[in-house]
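Read the structure below first, then the notes.
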Amino acid sequence: MILGRTLSIYFSNRFLKAILGLFLFAAVLIFLFDVLELVRRGGDREGFSVLRVALISALRVPLLLEQVIPFTVLFGSIAAFVTLSRALELVVTRASGISVWQFSLPAILVGICLGILSVTVYNPAAVWFQKKSDEVATGLFGSDQTFLLQNSNEVWVRQDGLDGESVLLARQLLDGGTRLLGVTVFTFDKDGTFRERIEADEARLGDEIWYLNDAIVYTTEQDPQPYGQYQVSTFLTATEVRESIGSPESISFWNLPRFIELARNAGLPAYRYNLQYQTLLARPLLLVAMILIAAAVSLKVSRFGGLGSMILGGILSGFVLYVLTELAKDFGGAGIVPPLVAAWAPGIFGVLMGLTILLHQEDG
Numbered sequence: 014m015i016l017g018r019t020l021s022i023y024f025s026n027r028f029l030k031a032i033l034g035l036f037l038f039a040a041v042l043i044f045l046f047d048v049l050e051l052v053r054r055g056g057d058r059e060g061f062s063v064l065r066v067a068l069i070s071a072l073r074v075p076l077l078l079e080q081v082i083p084f085t086v087l088f089g090s091i092a093a094f095v096t097l098s099r100a101l102e103l104v105v106t107r108a109s110g111i112s113v114w115q116f117s118l119p120a121i122l123v124g125i126c127l128g129i130l131s132v133t134v135y136n137p138a139a140v141w142f143q144k145k146s147d148e149v150a151t152g153l154f155g156s157d158q159t160f161l162l163q164n165s166n167e168v169w170v171r172q173d174g175l176d177g178e179s180v181l182l183a184r185q186l187l188d189g190g191t192r193l194l195g196v197t198v199f200t201f202d203k204d205g206t207f208r209e210r211i212e213a214d215e216a217r218l219g220d221e222i223w224y225l226n227d228a229i230v231y232t233t234e235q236d237p238q239p240y241g242q243y244q245v246s247t248f249l250t251a252t253e254v255r256e257s258i259g260s261p262e263s264i265s266f267w268n269l270p271r272f273i274e275l276a277r278n279a280g281l282p283a284y285r286y287n288l289q290y291q292t293l294l295a296r297p298l299l300l301v302a303m304i305l306i307a308a309a310v311s312l313k314v315s316r317f318g319g320l321g322s323m324i325l326g327g328i329l330s331g332f333v334l335y336v337l338t339e340l341a342k343d344f345g346g347a348g349i350v351p352p353l354v355a356a357w358a359p360g361i362f363g364v365l366m367g368l369t370i371l372l373h374q375e376d377g
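Everything in the sequence shown is counted per the working numbering, starting at 14 for the first residue and increasing by one.
Set out below in structure tokens:
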């Protein structure tokens, strides 16, 4: 028997509502925790207001939620399958001659559609909102903008210039690599001798020069000297700054191919950005893997019972798949594994694992 149009739409709506409900719940939860953290960090700073902090957090939440999408699909699908099973709707469906492959198809189609929309629409919007959040937050938290749940890894960059080499650290990158916040620079003479350390609130990239605003210069020969503006020479371009300091997650899906091409034309390794691009392309497959794992849980429940243990097994399987995804990204980001393999392997493994469990439970 073939699953009818009405039943397909009914199942699809159940899965979509469960997934979106969990997604909204996660959004509210992250928003509340983020607001509390921002209030703690900026409550005593000039320009602070609850409305401003709430706006900063609301604009940041969409990009933070991208990491949650696979889990909302997994848990939402498990919830939908279990609800249908406990209401005996899956039992009646299977008794009418519809196989697990047929009643899983609406959920799989929902996962594919959500994956495509999350990559082509949600990701660019989340990146845009994050940039707006950075603009609203500028000046409130100073250089300390490594907020809750954000990547706070510090990256030191060695650069060369007319005056010699220097080593630069920036805690935030804005305007496509032409503006940095929370800057520390160690400069050296042409013979490699340490000359000075510079702390600045902001740095702007000009023509082969960094313009450092509100800088304090430390040397071994005299007391720290404040400067309204200080200059450090550099041969870095904006593309090289983004490649060295910028996070791949800060570039939208539609802009990644162009940036990868620019990085390659500049002779820079673009594997981190290529990995991000391939990871986004592979997201629909990863969501399908999560749904297949949830389907394996539901089938066991409907036939043999053991609700708690099977749900726990599905959750653990999803977490294992997520850990494999993160490990593959680490290997791909380090250049150990090709980005194409690192991005697509977890999804393929998850789909094969889900299909294997379903085949074993359905056909023995």
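Built from N, CA and C at the ideal position, the CB exists for glycine as well.
Practice prompt. Evaluate Q238 with the Cβ neighbour count: other Cβ atoms within 10 Å of its Cβ, from every protein chain shown; 16 or more gives buried, anything less gives exposed.
Written response: Around the Cβ of Q238, a 10 Å sphere holds fewer than 16 other Cβ atoms; the residue is exposed.
Discussion item. Going by DSSP in three states, N26 sits in which element: helix, strand or coil?
Written reply: If DSSP states are grouped into helix, strand and coil, N26 belongs with the helices.
Worksheet item: Mind pulling the beta strand (DSSP E) runs of 3 or more residues that sit fully within the stretch 196–278?
Response: DSSP runs (the beta strand (DSSP E)) wholly in the stretch 196–278: 207–218, 222–231, 238–246.
Item to complete: Consult DSSP for L101 and reduce its assignment to one of helix, strand or coil.
Response: Three-state DSSP puts L101 in coil, outside helix and strand.
Worksheet item: When burial is assigned at 16 or more other CB atoms within 10 Å of the CB, is S165 buried or exposed?
Response: For S165, the pLDDT reaches just 43, beneath the cut-off of 50, and the residue's location in the model is therefore unreliable, although a value from the coordinates is still provided. When all chains shown are included, S165 counts as exposed.
Discussion item. Tell me the residue span of the beta strand (DSSP E) that contains Q185.
Written reply: Here the beta strand (DSSP E) through Q185 covers 179–187.
Practice prompt. Determine the contact status of F201 and R192, defining contact as a CB-CB distance below 7 Å.
Written response: No, the Cβ-Cβ distance between F201 and R192 is not below 7 Å.
Worksheet item: In three-state DSSP terms, what is L37?
Response: L37: helix per DSSP, three-state reduction.
Worksheet item: L371: which of L45, Q115, V74 sits nearest, CA to CA?
Response: Shortest Cα-Cα distance from L371 to any of L45, Q115, V74 involves Q115.
Worksheet item: Nearest to A302 by alpha carbon, out of L37, V354, R277, L122?
Response: Checked all of L37, V354, R277, L122; the closest Cα to A302 is L122.
Worksheet entry | CA-to-CA distance, L42 to V48, given in whole angstroms | Looking at the two C-alpha atoms, the distance is approximately 10 Å.
Worksheet item: Can you tell which of E212, L218, A92 has the C-alpha that lies nearest to the C-alpha of T232?
Response: Comparing Cα positions, the closest option is E212.
Worksheet entry | Simplified DSSP state of L194, which is helix, strand or coil | In the structure shown, L194 adopts extended strand secondary structure according to DSSP, grouped into three states.
Discussion item. Taking 8 Å as the cut-off, does the stretch 67–82 touch the stretch 140–153 (at least 3 CB pairs, one atom from each stretch)?
Written reply: Verdict: yes, contact present.
Worksheet item: L218 and V180 look like a contact to me (Cβ under 8 Å); what is the Cβ gap, rounded to whole Å?
Response: Rounded, the Cβ-Cβ distance is 16 Å, inconsistent with contact.
Worksheet item: CB-CB under 7 Å to A39, same chain, minus the five flanking residues each way: which ones, in chain order?
Response: Hits under 7 Å: L78, V81, T85.
Discussion item. Assuming Q289 and E262 are in contact, meaning their beta carbons sit under 8 Å apart, how far apart are those beta carbons, in whole angstroms?
Written reply: Beta-carbon to beta-carbon, Q289 and E262 are separated by about 7 Å, close enough to satisfy the 8 Å threshold.
Worksheet entry | DSSP-derived helix/strand/coil call for V350 | Coil.
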